[in-house]
């Protein structure tokens, strides 16, 4: 008796062959050689079709969060620093760029599991947060809102505060509340007057509704984003370093214990005061590289962090530092 007829590549065209290959690989459990034989194509072509399927969003590959939150390094972080949970990704053999990508993708995968209906998520800004928003799968959380915590800025990087909050809100099907004011004014008096403008005053008051907070710490290096974005000058940086600055949260400097450093720059800023971010229901810190270890430790000490996403190298450094 003749066996069942097989479709070959010649009978499948266009996007259909990509779908066929993806189905055979992920649903039928065939390996690349078996698919190549069935469709009369090369294994290299099968690999290309599988990559195309991922790029077009035909398939989603997810890793269960418990695999990373129960990692020994994650458990060590939770125990030592009193965190609620930590998510640690492996980085052995990975370069800086790959490690960054792994941490960002891990954070993007975990975030929806940490959010519930009624949450008001305050969002900081920076490349880490923007790339995380880009990596977040589209979903919808009922009665959920994203709030921009820092005013607007002219930055050459592309990941402005409004871009970070807006993009994440789009991914999570959420309402977004932007802060329609400059992040930094030229003098303290102007900043004080702007804070009292009815529209800005109401937007700043709304930030007090945040019960959860998503951020990545900034560094205090001369080439840091806070300087490159124009929020702080090198003189501002030097002033804060002289007073013990070890990191940056939402454009504001913190010392080694996570305390806000109040000074000339802080007085000219429009955004949520750091004191309002301490002790929230949830503070989610994303640390994708060892350049941010010291700043992250300061944030943990300051009471901003309940949940952390990072790589093994950072986790090990944190355990050794404190």
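Numbering (this note's numbering), first residue to last: 5 to 326.
Glycine included, each C-beta is placed from N, C-alpha and C at the ideal position.
All values reported here derive from a predicted model rather than from experimental measurement.
{"Asked": "Minimum C-alpha distance to residue 308 - residue among 227, 289, 294", "Found": "289"}
{"Asked": "Terminal residues of the beta strand (DSSP E) in which residue 291 lies", "Found": "286-291"}
{"Asked": "Where the alpha helix (DSSP H) containing residue 41 begins and where it ends", "Found": "36-43"}
{"Asked": "Alpha helix (DSSP H) segment containing residue 134, residue limits", "Found": "131-139"}
{"Asked": "Per DSSP, the bridge partner or partners of residue 259", "Found": "249"}
{"Asked": "C-alpha distance - residue 294 paired with residue 239, whole-angstrom precision", "Found": "25 Å"}
{"Asked": "From 140, 122, 162, residue whose alpha carbon lies closest to that of residue 146", "Found": "122"}
{"Asked": "Touching by the beta-carbon criterion (3+ pairs, under 8 Å), the segment 296-304 and the segment 40-58", "Found": "no"}
{"Asked": "Reduced DSSP secondary structure (H/G/I, E/B, other) of residue 168", "Found": "helix"}
{"Asked": "Through-space distance from residue 41 to residue 7, alpha-carbon basis", "Found": "Summary for residue 7: the model assigns pLDDT 48, below 50, so the residue's position carries little reliability, and this model does not support an answer."}
{"Asked": "Terminal residues of the beta strand (DSSP E) in which residue 93 lies", "Found": "89-93"}
{"Asked": "N-terminal and C-terminal residue of the beta strand (DSSP E) that residue 55 is part of", "Found": "Premise fails: residue 55 lies in the alpha helix (DSSP H), 47-59, not in any beta strand (DSSP E)."}
{"Asked": "Contacting residues, own chain, Cβ-Cβ under 6 Å from residue 106 (five flanking each side not counted)", "Found": "93"}
{"Asked": "Rounded distance between the beta-carbons of residue 272 and residue 195, thought under 8 Å", "Found": "5 Å"}
{"Asked": "Backbone secondary structure at residue 126 - three-state DSSP", "Found": "strand"}
{"Asked": "Straight-line Cα distance separating residue 181 from residue 149", "Found": "7 Å"}
{"Asked": "Endpoints, the alpha helix (DSSP H) within which residue 81 is located", "Found": "76-85"}
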